[in-house]
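Novice: Structure incoming, see below.
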């Protein structure tokens, strides 16, 4: 009898602990999505109404670098210049200019393997981009923060915020080239684009073009946590850039392919108020569990 | 070298304008070549080479080359301004291009048109020079 009561108590406590963790995470994420999408003021009192122009993107970069710094990691900047997609446009205008912001969470023991978690921080013109893609940026930041708190990490983790995804994936292309040129030994690249809409409340997530290994890693955890997943061959976002240069990559989002996805994408209505923060927090915990399993190999 | 010196002496504004335009497109070409896009370099080299040629030679070909450079400059400026005007009516999603619609860029476009017209009007003088007349 006492044993049964003890087990029930432990179950209740662990459930409350997880719930408490998710509640805390949700509050942190509301703050970050709110600041990135102009709902809440930044430290200097200004509001980021969109992250489209060079100056607005510079403010967003500064904000993200500060977030990285605040958790004790070193923010880095990968500046790039890239030609336009059409050489005739090259003749008329200047090249793409931008910078990705990233940080490396070092492995706790010597390792030259890297898992990359990426999300774009830019928006279309005059769009607050709460779901697209303040949610993805917030998700990878939260996962990075939790991974950094782990005592053991067998692989290095790179958290990267891409610039100019809305302009033909320019930022992620530049970062993929950078990783290739610097001979990073990349285990896998996981990119997140829109994780804030779940109208039917089923917590479903979409896996875009996973390799069998990555699909297996996500499916295994999804079964444990009761998260429905499905696979699509959509390649119109950042993971495409990494696959192009030969890295193992996957895209993870809300159920875009099943149309359980924000109807406000790329519009001024893509606001803080439309974000499902429970879905974002639970998706974050799921992704954290998957990445923890990948970097620690079942420990 | 002597011929170039002579060009600078006889009409310094024309010579500086010609070299300036040629160099501007050549440097733009080098910039793009370093980024892996060869077309602007090819065109920039042709413009710069043409500019150099017309300062050294005062023959019939020079006239044709000046005409090509003049037309190119006018088209370049007009196209850039045209795109800007077009996208002030239609919404342009490419923030990267839209961010270049600045007063400085407008000034570049207008300068190109102005130099194009200036070179075109100089064609008459080049004909005179090739005929051995002083202008």
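Chains as they are written, first to last, in the numbering used here: chain A, 1 to 299; chain B, 1001 to 1135.
Positions of the beta carbon are idealized from the N, C-alpha and C atoms, including for glycine.
1) Can you pull the chain A residues whose beta carbon is under 7 Å from the beta carbon of residue 1102/B, in chain order?
2) When DSSP labels each residue in this structure, what does residue 41/A get in the three-state scheme?
3) For residue 107/A, which beta-bridge partners are listed by DSSP?
4) Less than 6 Å between C-beta atoms, sequence neighbours within five positions excluded: which residues of the same chain meet that for residue 86/A?
5) Can you give the Cα-Cα distance for residue 50/A and residue 1098/B, rounded to whole angstroms?
6) In angstroms with no decimal places, state the Cα-to-Cα distance between residue 1116/B and residue 274/A.
7) Below 6 Å CB to CB, which residues in the same chain sit around residue 1070/B once its five sequence neighbours on both sides are set aside?
8) CB-CB under 8 Å to residue 76/A, same chain, minus the five flanking residues each way: which ones, in chain order?
9) Tell me the DSSP bridge mates of residue 230/A?
10) Please specify which runs of the beta strand (DSSP E), each continuous and at least 3 residues long, are wholly inside the segment 219-279 of chain A, giving them in chain order.
11) What does DSSP give as the partner residues of residue 119/A in its beta bridges?
12) Anything in chain A within Cβ reach of residue 1039/B, meaning under 8 Å, just list it in chain order.
13) Any idea what DSSP makes of residue 74/A, helix, strand or coil?
14) Just to confirm, are residue 296/A and residue 187/A a CB contact at a threshold of 8 Å?
15) For the segment 1018-1043 of chain B, list every residue whose C-beta sits within 7 Å of some C-beta in chain A, in sequence order.
16) How about residue 139/A and residue 283/A: are their beta carbons less than 8 Å apart?
17) My output table needs one value for residue 1009/B: the three-state DSSP class, helix, strand or coil.
18) Can at least three beta-carbon pairs, one atom from the segment 235-242 of chain A and one from the segment 200-220 of chain A, be found at a separation below 8 Å?
19) Shortest alpha-carbon distance to residue 232/A belongs to which of 95/A, 215/A and 278/A?
20) Got a sec, what are the start and stop residues for the alpha helix (DSSP H) residue 142/A sits in?
21) Answer with buried or exposed for residue 272/A, where buried requires no fewer than 16 other C-beta atoms within 10 angstroms of its C-beta.
22) Can you have a look at residue 1076/B and say buried or exposed, based on whether 16 or more other CB atoms are within 10 angstroms of its CB?
23) Using a Cβ cut-off of 8 Å (strictly closer), state whether residue 95/A contacts chain B.
24) Quick check on residue 80/A: does DSSP put it in helix, strand or coil?
25) What does residue 1045/B touch in chain C if you count any residue whose Cβ is under 9 Å from its own?
26) Closer than 8 Å by C-beta to residue 52/A: which residues in its own chain qualify, once you throw out the five before and the five after it? Chain order, please.
27) Does the beta carbon of residue 81/A come closer than 8 Å to any beta carbon on chain B?
28) Using a Cβ-Cβ cut-off of 8 Å, state whether residue 125/A counts as contacting chain B.
29) Does the Cβ-Cβ distance between residue 118/A and residue 191/A come in under 8 Å?
30) I believe residue 35/A touches residue 63/A by the beta-carbon criterion, under 8 Å. Please report the beta-carbon distance rounded to the nearest angstrom.
31) Compute the distance between the beta-carbons of residue 1045/B and residue 1026/B, then report whether it is under 8 Å.
32) Report the rounded CA-to-CA distance for residue 131/A versus residue 174/A, giving the unit in angstroms.
33) Note the first and the last residue of the continuous beta strand (DSSP E) segment covering residue 192/A.
34) In this structure, how does DSSP classify residue 195/A when only helix, strand and coil are distinguished?
35) How would you list, in chain order, the residues of chain A whose beta-carbon sits under 8 Å from the beta-carbon of residue 1097/B?
36) Quick check on residue 203/A: buried or exposed, where buried means 16 or more other Cβ atoms within 10 Å of its Cβ?
Specialist: Well, looking at it:
1) Numbered from 1 along the second chain, position 102 holds the residue referred to as residue 1102/B. Correct list: empty, because the minimum Cβ distance to chain A is about 11 Å.
2) Stepping through the first chain from its first residue, residue 41/A is reached at position 41. Here residue 41/A sits in coil by DSSP.
3) On the first chain, position 107 is the one that residue 107/A refers to. Answer is none; residue 107/A lacks a bridge partner.
4) To locate residue 86/A, count along the first chain from 1; it is residue 86. Closer than 6 Å at the Cβ level, and outside the excluded window around residue 86/A, lies no residue.
5) One-based indexing of the first chain puts residue 50/A at position 50. One-based indexing of the second chain puts residue 1098/B at position 98. Rounded to whole angstroms, residue 50/A to residue 1098/B spans 15 Å at the Cα level.
6) One-based indexing of the second chain puts residue 1116/B at position 116. One-based indexing of the first chain puts residue 274/A at position 274. Distance between the alpha carbons of residue 1116/B and residue 274/A is about 53 Å.
7) Against the second chain, residue 1070/B aligns to sequence position 70. Result list for residue 1070/B: 1116, 1119 and 1120, in chain order.
8) By one-based count along the first chain, residue 76/A stands at place 76. Cβ within range, chain order: 101, 102, 103 and 104.
9) Your numbering for residue 230/A matches position 230 in the first chain. Partner(s): 206/A.
10) You should have 229-232 and 249-253.
11) For the purposes of this step, residue 119/A is taken as the residue at position 119 of the first chain. Answer by DSSP bridge pairing, in chain order: 161/A.
12) Stepping through the second chain from its first residue, residue 1039/B is reached at position 39. Those are 87, 88, 90 and 91, listed as they occur along chain A.
13) The residue given as residue 74/A occupies position 74 in the first chain. Residue 74/A: coil per DSSP, three-state reduction.
14) Indexing the first chain from 1 puts residue 296/A at position 296. Indexing the first chain from 1 puts residue 187/A at position 187. Result no, Cβ atoms of residue 296/A and residue 187/A do not sit closer than 8 Å.
15) 1032, 1035, 1036, 1037, 1039, 1040 and 1043
16) As a position in the first chain, residue 139/A is number 139, starting the count at 1. As a position in the first chain, residue 283/A is number 283, starting the count at 1. A contact, by the Cβ cut-off of 8 Å.
17) Here residue 1009/B refers to the residue found at position 9 when the second chain is read from its first residue. DSSP places residue 1009/B in helix when its eight states are reduced to three.
18) yes
19) Taking the first residue of the first chain as position 1, residue 232/A is located at position 232. Out of 95/A, 215/A and 278/A, 215/A has the C-alpha closest to the C-alpha of residue 232/A.
20) Position 142 of the first chain, counting from 1, holds the residue named residue 142/A. Run containing residue 142/A: 136-149, per the alpha helix (DSSP H) assignment.
21) For this step, residue 272/A is matched to residue 272 along the first chain. Residue 272/A comes out buried.
22) Sequence index remark: in the second chain, residue 1076/B carries index 76 (1-based). Buried.
23) As a position in the first chain, residue 95/A is number 95, starting the count at 1. Yes, contact with chain B.
24) In the first chain, the residue the question calls residue 80/A occupies position 80. Strand.
25) Absent from the structure: chain C. Protein chains present are A and B.
26) Along the first chain, one-based indexing puts residue 52/A at 52. Closer than 8 Å at the Cβ level, and outside the excluded window around residue 52/A, lie 122, 123, 124, 125, 126, 127 and 166.
27) Taking the first residue of the first chain as position 1, residue 81/A is located at position 81. Output row for residue 81/A: interface = yes.
28) What you label residue 125/A is simply residue 125 of the first chain in a count that begins at 1. Yes, because at least one Cβ of chain B sits closer than 8 Å to the Cβ of residue 125/A.
29) Locating residue 118/A in the first chain gives position 118, where the first residue counts as 1. Locating residue 191/A in the first chain gives position 191, where the first residue counts as 1. Cβ distance < 8 Å, so residue 118/A and residue 191/A count as in contact.
30) Against the first chain, residue 35/A aligns to sequence position 35. Against the first chain, residue 63/A aligns to sequence position 63. Approximately 7 Å separates the beta-carbon atoms of residue 35/A and residue 63/A; this is inside 8 Å, confirming the contact.
31) Indexing the second chain from 1 puts residue 1045/B at position 45. Indexing the second chain from 1 puts residue 1026/B at position 26. Yes, the Cβ-Cβ distance between residue 1045/B and residue 1026/B is below 8 Å.
32) Numbered from 1 along the first chain, position 131 holds the residue referred to as residue 131/A. Numbered from 1 along the first chain, position 174 holds the residue referred to as residue 174/A. Their backbone Cα atoms lie some 24 Å apart in a straight line.
33) Position 192 of the first chain holds residue 192/A. Here the beta strand (DSSP E) through residue 192/A covers 185-192.
34) Residue mapping note: residue 195/A aligns to position 195 of the first chain, counting from 1. Three-state DSSP puts residue 195/A in coil, outside helix and strand.
35) The sequence position of residue 1097/B within the second chain is 97, counting from 1. By Cβ distance, chain A contributes 89 and 93.
36) By 1-based counting over the first chain, the position of residue 203/A is 203. So residue 203/A ends up on the buried side.
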